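For reference, the structure discussed in these notes is given below.
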DNA sequence: GAACTAAGTTAGCCATCCCTAACAGTCTTG
DNA sequence: CAAGACTGTTAGGGATGGCTAACTTAGTTC
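Chains as they are written, first to last, in our numbering: chain F, 103 to 360; chain E, 103 to 360.
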């Protein structure tokens, strides 16, 4: 995999922190490094030895750390990567600053340069593309941040949209599908007569395409009809139609009861 | 940090692989797990013991692995997360399938649920938002994938755009800023008279804002004028104007010579 | 049923990277 | 200048999670 260095994540972190400290304070002391990385001094001593062995820093015991030419080059690249990811999370997606920085700190060490380049390209494209209104991002953020709950109407009634500026169906489908912990179960766990809403559809492109063609989309409501003795096939009712799913298809569908 | 489980990345991987194998083949054998995770059988044995201790699988020596109720729940959530990230990378950003899956495999273990929810929300928003043409993604992909190089005109001439559908300046700014390895240096390394292009601007929001106000943006061309004895201040020429930067500002700017 | 083979286990090793505890310089202050 | 406070180092330990090598179990084949 094309990676930025052959250092471990931990050593990349140390190097990045050293550059930050040098930029902010003019020098990097072991104590400040320990504090910023939330580790003990003893761990820093070990890391500095390994970085010295790699030729990235020059360090005499009890002195402050300086970056070598190679170290500065690499640290700059690592820091640039970190700050790009943090900015994407914070400025585009609206993740709060601290979480964004923490996530960036972790993601930066594992993402490939190809994905990173393409993400950067995508962000540039959104900013430069003439068809995309420059307010797209702020509209997304205000829409997402409203965090409004879908207001369910009476039986048979269409749910109301929370806000006329949110695209139809947005809150049904997009809000907190990952952090929603409780209540998400496999389709196959439903009993006949249970009603549920589709939370996610996994599986290969082929299976997903077939399910999507049948209308099995996140947010879709369905009712379990019948499960055959061995769980194959499963009959459901969706938007008034009866569907028969094979066990292997049903296994890719997560739902929550409504 | 809100996370999906308190397992290590490695154990989450094992659990995910087990679910995939159960879905694909009806059962998960140690050998297949080892093969898919590219580890030796001995490592699998150890992992299966730890997963059994967590109550996520039930496993008798030399038998095939089955997921417990809790294991199936968790594995489904882990797999859903993986597949969402892989799909984002592949279908939206256009990363090739294998790299996307590998990156997803790594990112899924470290990203917070908040970031993931917001990314999912953003993707939904792009799909549903009436102002965004549904061809946005495919236009981005064709534009990015052209991979065309900017064709530099003669001295003083504006560079030509590669393609009329690419937003102006897109290729100058967005293409492979992270994987570009050689030649990216700190602004302070330039010598008087050197010309360079800005590759990235890091640093706090305050510093970046100030630099952006002065026109120091990725892609901007500049010429080094003078570096004071201790590196502070640095004078550059940019778009015909002279700018004086403090050392701490200059340190956040990466450039490449042109 | 002996021999072979594939699958899986056990035992022991190693690297990374954190920790605590104890020790060693260095700076400040009465 | 001696005591105390800080800063930093060394030594040793533990968790994780890989590895190899040697063994066991079970199924197949002649």
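Glycine included, every Cβ here is placed at the ideal spot set by N, Cα and C. Since we're looking at a predicted model, the values are computed, not measured.
Boundaries for residue 351 (chain E): no beta strand (DSSP E) harbours it, while the alpha helix (DSSP H) harbouring it runs 349 to 352, taken from the DSSP string. Comparing alpha carbon positions, the residue from E:151, E:138, E:200 and E:172 closest to residue 162 (chain E) is E:151.
Minimum Cα-Cα distance from residue 220 (chain E) among the listed residues F:207, F:198 and F:218 corresponds to F:198. In the DSSP assignment, residue 296 (chain F) falls outside any alpha helix (DSSP H), carrying neither H nor E.
Contacts between residue 214 (chain F) and chain E, judged by CB atoms closer than 8 Å, involve 197, 201, 204 and 205 in chain order. Nearest CB-CB separation between residue 118 (chain E) and chain F: not below the 8 Å threshold. Taking a 10 Å sphere around the C-beta of residue 205 (chain E), we find 16 or more other C-beta atoms and assign the residue as buried. Residue contact check for residue 208 (chain F) against chain E: a CB pair falls below 8 Å. Closest in C-alpha terms to residue 243 (chain F), from the list F:134, F:345, F:160 and F:196, comes F:196.
In this structure, the CA atom of residue 353 (chain E) is about 19 Å from the CA atom of residue 360 (chain E).
Per DSSP, residue 171 (chain F) is one residue of the alpha helix (DSSP H) stretching across 171 to 189. For residue 323 (chain E), the enclosing beta strand (DSSP E) starts and ends at 323 to 329. For residue 288 (chain F), the enclosing beta strand (DSSP E) has its first and last residue at 286 to 288.
Neighbours of residue 288 (chain E) in chain F, taken as residues at a C-beta separation under 9 Å, are given in chain order as 174, 175 and 178. When secondary structure is reduced to three states using DSSP, residue 356 (chain F) falls in the strand class. In the structure shown, the three-state DSSP call for residue 339 (chain F) is strand. Less than 8 Å divides the Cβ of residue 234 (chain F) from the Cβ of residue 234 (chain E).
At a cut-off of 8 Å, the C-beta of residue 323 (chain F) has no neighbouring C-beta in chain E. The alpha-carbon separation between residue 157 (chain F) and residue 286 (chain E) amounts to approximately 19 Å. The residues 196, in chain order, have a CB closer than 8 Å to that of residue 247 (chain F) in the same chain once the five nearest residues on each side in sequence are set aside.
For residue 315 (chain F), the enclosing alpha helix (DSSP H) begins and ends at 307 to 315.
The beta carbon of residue 218 (chain E) is closer than 7 Å to those of 183 in its chain, skipping five residues each way along the sequence. Neighbours of residue 166 (chain F) in chain E, taken as residues at a C-beta separation under 8 Å, are lacking, since the least C-beta distance is about 17 Å. Contact note: residue 334 (chain F) does not reach chain E at a C-beta cutoff of 9 Å; the least C-beta distance is about 11 Å. A residue is called buried when at least 16 other Cβ atoms come within 10 angstroms of its Cβ; residue 303 (chain E) meets this threshold and is buried. Residues of the segment 288 to 304 of chain E whose Cβ lies closer than 7 Å to any Cβ of chain F, in chain order: 288, 302 and 304. As the crow flies, the alpha-carbon of residue 329 (chain F) is around 8 Å from that of residue 293 (chain F). At least one beta carbon of chain E lies nearer than 8 Å to the beta carbon of residue 350 (chain F). A Cβ-Cβ contact shorter than 8 Å links residue 357 (chain F) with residue 300 (chain F). Against chain F, the CB of residue 319 (chain E) has no partner CB under 8 Å away; the residue lies outside that interface. Looking only at F:309, F:350, F:289 and F:313, the smallest Cα-Cα distance to residue 327 (chain F) is reached by F:289. Residues of chain E with a Cβ closer than 7 Å to the Cβ of residue 182 (chain F) are, in chain order, 302, 304 and 356. Within the same chain, and ignoring the five residues on either side of residue 295 (chain F) in sequence, no residue has its Cβ closer than 6 Å to its Cβ. Taking C-beta atoms under 8 Å as the contact rule, residue 134 (chain E) and residue 123 (chain E) qualify, at a distance of about 6 Å. Residue 281 (chain F) has its alpha-carbon roughly 24 Å from the corresponding atom of residue 351 (chain F). When 7 Å is used as the limit between beta carbons, residue 353 (chain E) is near these residues of chain F: 125, in chain order.
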